[in-house]
Amino acid sequence: MKILPREEKFFDYFNQQVKIICQAADLLVDGAASGNAHLANAAHQIRTLEEQADGIIHEIYTLLNSTFITPLDPEDIHSLSSHLDDVIDGIEDSVHRMLAYHIDPIPTMVVELCRVVQSCALTIQKAFAALSKGEPLIEHCIEVNRLEETADQLGRAAVSDLFLKEPDPIRILKLKEIYEFLEQTTDFCEDVADALQNVQVKNS
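For the sequence shown, numbering that gives the first Met the number 0 assigns the number 0 to the initial residue and increments by one for each residue that follows.
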């Protein structure tokens with residue numbers, strides 16, 4: 000990938016955003032797997048991380064407005080940072096939905112979808128590490144797309160199973176919404192991957 004002489008700080012900020020996303024995804028999995036007793040603490044920590052991510056977004060936009068030559072097109076920098084922000088917001092929305100609905104016990108399928116979000120986050124981290132070094136990143140983007148499809152399949156199976164086996168209509172509605180929030184978070188991850196692919200095409 001051909002990159003112009005650049006302000007390296009943008010790549011530092013991207014990597015900081017992705018690190019926060021990975022930390023939040025880890026907390027999401029730990030909270031869901033440990034049950035409601037630990038979910039409130041996970042939600043609190045994720046909220047703190049989301050606030051840190053908002054600060055990084057502000058720094059990116061400030062730097063973007065004051066930098067004459069950027070390493071990527073300004074609209075691509077804006078797009079990448081915005082899509083990353085969607086991911087951390089999706090994680091926060093998902094964990095707070097679980098907390099608000101007091102799901103007990105938390106189904107295995109919820110934990111599995113959280114793990115897919117976690118895998119997406121780790122793969123995005125690898126992709127941004129490659130971007131920083133000017134290395135190929137397409138394989139990481141393809142993997143995120145595969146994981147998003149896995150989340151869709153898990154979500155459809157989970158909802159189908161709910162309507163077949165769950166007698167409580169309120170619990171059905173709660174879990175269906177949680178599944179949708181988690182699936183949407185993997186959609187946000189796919190948006191990041193698509194934006195990265197566009198960047199690679201532009202700079203190849």
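Positions of the beta carbon are idealized from the N, C-alpha and C atoms, including for glycine.
Mind checking residue i: buried by the 16 CB within 10 Å criterion, or exposed?
i: SER203; result: exposed
i: THR185; result: buried
i: LEU172; result: exposed
i: SER65; result: exposed
i: VAL200; result: exposed
i: LEU161; result: buried
i: LEU163; result: exposed
Going along the chain, which residues of its own chain have a beta-carbon closer than 8 Å to the beta-carbon of residue i, five neighbours each way excluded?
i: ASP190; result: HIS82 and ASP85
i: VAL179; result: In the sequence under discussion, the amino acid at residue 179 is Glu, which differs from the Val named in the question. Answer for GLU179: GLY154, listed in chain order.
i: ASP103; result: GLY34 and ASN35
i: PRO73; result: LEU63
i: GLN15; result: ILE55
i: VAL17; result: LEU83, ALA120, ILE123, GLN124 and PHE127
Among the residues of its own chain, which have a CB less than 7 Å from the CB of residue i, if the five just before and after it don't count?
i: VAL118; result: Note on identity: in this sequence residue 118 is Ser, with Val being the wrong assignment. Taken in chain order, the residues that qualify are LEU146.
i: LYS125; result: HIS139
i: TYR12; result: ILE55, GLU58 and ILE59
i: LEU3; result: Model confidence at LEU3 stands at a pLDDT of 44, short of 50, so the residue's coordinates are unreliable; what they give is reported in the following sentence. For LEU3, where only same-chain residues beyond five positions count, the Cβ hits under 7 Å are ILE68 and PRO70.
i: GLN22; result: LEU48
Going by CA-CA distance only, name the one from the options that's closest to residue i.
i: GLU134; options: HIS43, LEU62, LEU172 and VAL198; result: VAL198
i: ILE76; options: TYR100, TYR60 and PHE162; result: TYR60
i: VAL116; options: ALA129, GLU142, TYR100 and ILE137; result: GLU142
i: LEU181; options: ILE56, SER159 and ALA24; result: ALA24
i: ALA42; options: ILE87, ASP11 and PHE10; result: ILE87
i: SER93; options: ASN64, GLU7 and LEU38; result: LEU38
i: ILE90; options: LEU112, ILE137 and GLU165; result: LEU112
i: HIS101; options: ARG170, ALA194 and GLU7; result: ARG170
i: LEU27; options: ASN14, LYS8, LEU48 and ALA129; result: LEU48
i: ASP29; options: GLN44, LYS132 and GLN16; result: GLN44
i: ALA99; options: ASP151, LEU174, LYS8 and PHE9; result: LEU174
i: HIS95; options: ASN40, GLU148 and SER131; result: ASN40
i: GLN196; options: LEU136, GLN22, ASP167 and GLU165; result: LEU136
i: GLU205; options: LYS132, PHE187 and ASP167; result: What the structure shows of the chain is the stretch from 0 to 203, and residue 205 is not part of that stretch, so it cannot be assessed.
i: PHE187; options: LEU130, MET97 and ALA150; result: ALA150
i: PHE9; options: PRO168, THR107 and LEU130; result: LEU130
i: GLU148; options: THR107, GLN183 and ASP53; result: GLN183
For residue i and residue j, which I take to be in contact (beta-carbon distance under 8 Å), what is that distance rounded to the nearest angstrom?
i: VAL109; j: ILE177; result: 6 Å
i: ILE105; j: ALA157; result: With 8 Å as the limit, ILE105 and ALA157 do not qualify as a contact, their Cβ atoms being about 12 Å apart.
i: ALA192; j: LEU79; result: No, ALA192 and LEU79 are not in contact; Cβ-Cβ is about 11 Å, not under 8 Å.
Going along the chain, which residues of its own chain have a beta-carbon closer than 6 Å to the beta-carbon of residue i, five neighbours each way excluded?
i: THR122; result: HIS139, GLU142 and VAL143
i: ARG46; result: none
i: LYS1; result: Reliability of the predicted coordinates at LYS1 is poor, the pLDDT of 44 falling under 50, and the value obtained from them is presented with this limitation in mind. Only ASN202 meet the Cβ criterion.
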